Amino acid sequence: MTTTTRPATPPATTGRRRVGPGTLALRQGRLEITQFLRSRESVVFTMGFPIIMILIFASIFDGTIGGGVKFTQYFITGMIATGLMTVSFQNLGIWIPIERDRGVLKRYRGTPMPKWVWFAGKVIMVVAIGIAETALLLAVAVALFDLDLPATAAKWITFGWVAVLGVTACTLCGIAISSLARTARSGSAVVTPVSLVLQFISGVFFVFTDLPTWMQQVAAFFPLKWMCQGLRAVFLPESFGAQEPGGSFELGRVALVLALWCLIGLALCLTTFRWTTKRDG
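210 is the number that the working numbering gives to position 179 of the sequence shown; each next residue is one higher, with no gaps.
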């Protein structure tokens, strides 16, 4: 009896176009953006909060704060910074525990998809929503309150690197702090108070130098204060730098502190991030 050897059945992936890592990351980012936009509460709070705040504060305080600087011109710096912090630090710190509690992260870990793709998706979502939010905030401020946009390329470059370093630091810290929440419901309780306290002591709602000295010193340990200070160098005249606690905008120190927080956030992510809840092991 002659035995005929049949060729091995080709794997299911034979003939299919292999998806590159960059494409995987973009697809994951699109998925994250879609999920964000489907959550009305997240959209309203994350994108609407800074706009509502500037409408309220700019309507109440329509004078100047010294040196001919309009309050709106000063206030926009804090609103941009807090908007970027909200979409990164606060949003991730609240939603990652929800995904972990629902078992979404556990299922991701069990798929062949590289783990970094999931993180890349979160970063893409933060960047996309952050850009949209900032553009909308600037458009409202220009249209309703005569905001003066940066007039030189150098200031726009400063705006870019302050935003990039700030978002990076806040994103990493948001991923790290998500591990403190034991359940989906506790994410907001853990992150929201921290976010609000930082906003009040970092010169978001008030002129920073009008705050008590001890508050200024505490705020100097955290990235939001330096994000606000870096953005003031973009939207306020050079002469206003003399009114800063250090006697200038200290852009070198701004870059150093934000970069340091990027490293701290990365270290915390690597040592504390969990894919499952404690009850799952």
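Don't be surprised by glycine CBs; every beta carbon is placed ideally from N, CA and C.
For clarity, every value in this text was computed on a predicted model and none was experimentally measured.
Residue span of the alpha helix (DSSP H) that contains Ile232, given as start and end: Taking the sequence shown and counting its residues from 1, one reaches residue 232 at position 201. Its alpha helix (DSSP H) spans residues 217-232.
Any idea what DSSP makes of Thr117, helix, strand or coil?
The count along the sequence shown starts at 1 and reaches residue 117 at position 86. The answer is helix: DSSP assigns Thr117 an H, G or I state.
Exercise. Confirm, please, whether the CB-CB distance from Leu178 to Leu83 is below 8 Å.
Key: Here residue 83 refers to the residue found at position 52 of the sequence shown. Here residue 178 refers to the residue found at position 147 of the sequence shown. Position check: residue 83 holds Ile in this sequence, whereas Leu was assumed. No, Cβ-Cβ distance for Ile83 and Leu178 is not below 8 Å.
Distance between Gly161 and Ile155 (C-alpha atoms, nearest Å) | The residue given as residue 155 occupies position 124 in the sequence shown. The residue given as residue 161 occupies position 130 in the sequence shown. Computed Cα separation, rounded: 10 Å.
Checklist line | Distance, Ala184 Cα to Ser270 Cα | finding: Walking along the sequence shown from the start, residue 270 turns up at place 239. Walking along the sequence shown from the start, residue 184 turns up at place 153. About 18 Å.
#### Entry: DSSP state of Thr302 mapped onto helix, strand, coil
Here residue 302 refers to the residue found at position 271 when the sequence shown is read from its first residue. Looking at Thr302 - three-state DSSP - the assignment turns out to be helix.
Notebook entry, point to check: If you check the beta carbons only, do Pro276 and Gln247 fall under 8 Å apart?
Noted result: Taking the sequence shown and counting its residues from 1, one reaches residue 276 at position 245. Taking the sequence shown and counting its residues from 1, one reaches residue 247 at position 216. Yes, these two residues count as a Cβ contact at 8 Å.
Check your understanding: Exposed or buried, Phe252, counting other C-beta atoms within 10 Å across all chains shown (16 or more means buried)?
Key -> Numbered from its first residue, the sequence shown carries residue 252 at position 221. Phe252 should be labelled exposed.
| task | Would you mind reading off the limits of the alpha helix (DSSP H) that contains Gln66? | result | As a first step, residue 66 must be located in the sequence shown, where it is residue number 35. Note, Gln66: alpha helix (DSSP H), 52-69.
Alpha carbon of Ala15 to alpha carbon of Val222, nearest angstrom
One cannot answer for residue 15 here, as it falls past the ends of the chain, which runs 32 to 312.
| Rounded Cβ spacing between Met78 and Leu167 (contact assumed at less than 8 Å) | Position 47 of the sequence shown, counted from the first residue, corresponds to residue 78. Position 136 of the sequence shown, counted from the first residue, corresponds to residue 167. Contact flag correct, Cβ pair sits at about 7 Å.
- Exposed or buried, Leu175, counting other C-beta atoms within 10 Å across all chains shown (16 or more means buried)? Translated into positions along the sequence shown, residue 175 becomes position 144. When all chains shown are included, Leu175 counts as exposed.
Kindly identify the DSSP beta-bridge partner or partners of Thr95. Counting from 1 along the sequence shown, the entry for residue 95 is found at position 64. Answer is Lys101, bridged to Thr95.
| message | My output table needs one value for Ala166: the three-state DSSP class, helix, strand or coil. | response | Translated into positions along the sequence shown, residue 166 becomes position 135. Here Ala166 sits in helix by DSSP.
Practice prompt. Have a look at Thr113, Gly94, Leu62, Arg69 and flag the residue whose alpha-carbon is nearest the alpha-carbon of Val193.
Written response: By one-based count along the sequence shown, residue 193 stands at place 162. Of Thr113, Gly94, Leu62, Arg69, the residue nearest in Cα terms is Thr113.
| message | Whole angstroms are fine: how far does the CA of Tyr139 sit from the CA of Thr303? | response | The count along the sequence shown starts at 1 and reaches residue 303 at position 272. The count along the sequence shown starts at 1 and reaches residue 139 at position 108. Those two C-alpha atoms are separated by around 18 Å.
Practice task
State buried or exposed for Thr95, treating a residue as buried only when at least 16 other CB atoms are found within 10 Å of its CB.
Solution key: Taking the first residue of the sequence shown as 1, we reach residue 95 at position 64. Exposed, by the Cβ-count rule.
TODO: Identify whether Gly278 lies in helix, strand or coil by the three-state DSSP scheme.
DONE: In the sequence shown, residue 278 corresponds to position 247, counting from 1. Coil at Gly278, not helix or strand.
Notebook entry, point to check: Excluding five sequence neighbours on each side, which residues of the same chain lie with their C-beta closer than 6 Å to the C-beta of Ala215?
Noted result: Position 184 of the sequence shown, counting from 1, holds the residue named residue 215. Correct list, in chain order: Pro128, Ile129, Asp132.
For Lys256, which residues of its own chain have a beta-carbon under 7 Å away from its beta-carbon, when the five flanking residues on both sides are left out?
-> Numbered from its first residue, the sequence shown carries residue 256 at position 225. Same-chain partners within the cutoff: Ser233, Gly234, Ala250.
inquiry  = What residue range does the alpha helix (DSSP H) around Phe190 cover?
reply    = Taking the first residue of the sequence shown as position 1, residue 190 is located at position 159. Where Phe190 is concerned, the enclosing alpha helix (DSSP H) stretches over 184-208.
- Item | Close Cβ partners of Leu299 (< 6 Å) along its chain, the five nearest in sequence each way excluded | Within the sequence shown, residue 299 is the residue found at index 268, counting from 1. The answer, listed in chain order, is Ala207.
(Q) Could you check whether Asn122 and Gly60 sit closer than 8 Å to each other, using their CB atoms as the reference points? (A) For the purposes of this step, residue 60 is identified with residue 29 of the sequence shown, where counting begins at 1. For the purposes of this step, residue 122 is identified with residue 91 of the sequence shown, where counting begins at 1. Result no, Cβ atoms of Gly60 and Asn122 do not sit closer than 8 Å.
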